[in-house]
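> Right, I'll just put the structure down here and ask away after.
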Amino acid sequence: MHISTNIWTWVAVLLTFGIFSFLWKDNPFYKFCEHLFVGISVGYTIALTWYNSVYPDLVTPLFREGKPLYIIPFVLGLCYFCRFIPKLSWLIRVPMGFVLGWASGVAIPAYFQTNIIKQIQGSLLTPAIFARWDIFLWALISFIGVVCSVLYFFFSREHKGTLRLASETGIVFLMIGFGASFGYTVMARMSLLIGRFQFLLRDWLGVIK
C-alpha cells in the first residue's frame with residue numbers, strides 16, 4: 000500500500016468523504032462541499048459559455064469585425080438583465096418572446112421530426128425485416144408494444160373488450176420500459192460510485208493498480 004502524497008489528491012479525498020457524509024446525516028461539512036461544487040460548476044459554465052459562445056459569436060463579430068447586425072442579439076441579451084431593475088423589468092418580455100417564438104417555429108418541428116416521426120418510422124413493419132425470422136419477431140413485438148402503449152392513453156372510449164386487452168398489454172410494455180429506464184439510471188449511478196471507490200483505492204491508498 001502506497002498512500003499518495005499529492006495535495007490535490009487529498010483535497011479530492013476530503014471532498015469525496017464530505018459528500019459521502021450525507022449518508023450519515025446532514026452536516027456542515029457536506030453543506031460546504033455541496034456549495035463548493037455548485038459554485039465551481041456555475042463558474043465553469045459561465046467561463047465556458049463566454050469563451051465558446053459569447054466571445055466568438057457575439058463580441059468578435061460586433062466589436063472586432065464591425066458587423067452592425069449583431070447589435071440586435073446584443074441588445075436582446077442585455078434585456079435579460081433588466082429583470083433586476085424594477086422599472087425596466089418589463090423589457091425581459093422582448094427576448095423571452097423572441098426565444099419562445101423561435102422555439103415554436105424551429106425547435107418544435109425539429110423535435111417532432113427527431114423524436115416522433117423517426118420513432119414511428121422505426122416502428123413500421125418494412126419488407127426488409129422479413130428476411131430473417133428473429134428480426135421479424137423482435138420488430139413484431141416492438142410494433143405490438145407501440146400500438147398497445149398508445150391505446151392505453153386512448154380515453155375517448157371505455158376500455159372494454161379488445162381495447163381493454165390491448166391497453167392492459169400496453170401496461171406490461173410500459174412497465175418493462177420504466178423498469179429498464181430505472182435500471183439504467185441505477186447502473187449509471189453505480190458506475191459513478193465505482194469510479195469513486197477506484198479513485199480512493201488506487202489513486203489515494205494505492206491498494207489496487
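Numbering that gives the first Met the number 0 applies: residue 0 is where the sequence shown begins, and numbers increase by one. From the three backbone atoms N, C-alpha and C, an ideal C-beta is built for every residue, glycine too.
Would S148 and F181 be called neighbours here (beta carbons separated by less than 9 angstroms)?
The answer is no: Cβ separation not under 9 angstroms.
> Are P94 and G76 closer than 9 angstroms when you measure CB to CB?
Contact: yes.
> For S88, count neighbouring Cβ atoms within 10 angstroms of its own Cβ and tell me buried if that reaches 16, exposed if not.
By the neighbour-count rule (16 or more Cβ atoms within 10 Å), S88 is not buried but exposed.
> Go ahead and pull the three-state DSSP assignment for K159.
Three-state DSSP puts K159 in coil, outside helix and strand.
> Roughly how many angstroms separate the alpha carbons of N26 and G42, rounded to a whole number?
Those two C-alpha atoms are separated by around 24 angstroms.
> With contact counted as at least three CB pairs below 8 angstroms, one residue from each stretch, are the segment 157-176 and the segment 135-147 in contact?
The answer is yes - the segment 135-147 touches the segment 157-176, with three or more Cβ pairs under 8 angstroms.
> When you compare the CB positions of S3 and W203, do they come within less than 9 angstroms of one another, or not?
Against a cut-off of 9 angstroms, the Cβ pair of W203 and S3 comes out as a contact.
> Run the CB neighbour count on G121, radius 10 Å, all protein chains shown included, and call it buried at 16 or more, exposed below.
Classification of G121: exposed, given that the 10 Å Cβ count is below 16.
> How should G17 be labelled, buried or exposed, when 16 other C-beta atoms within 10 angstroms of its C-beta is the threshold for buried?
By the 10 Å Cβ count, G17 comes out buried.
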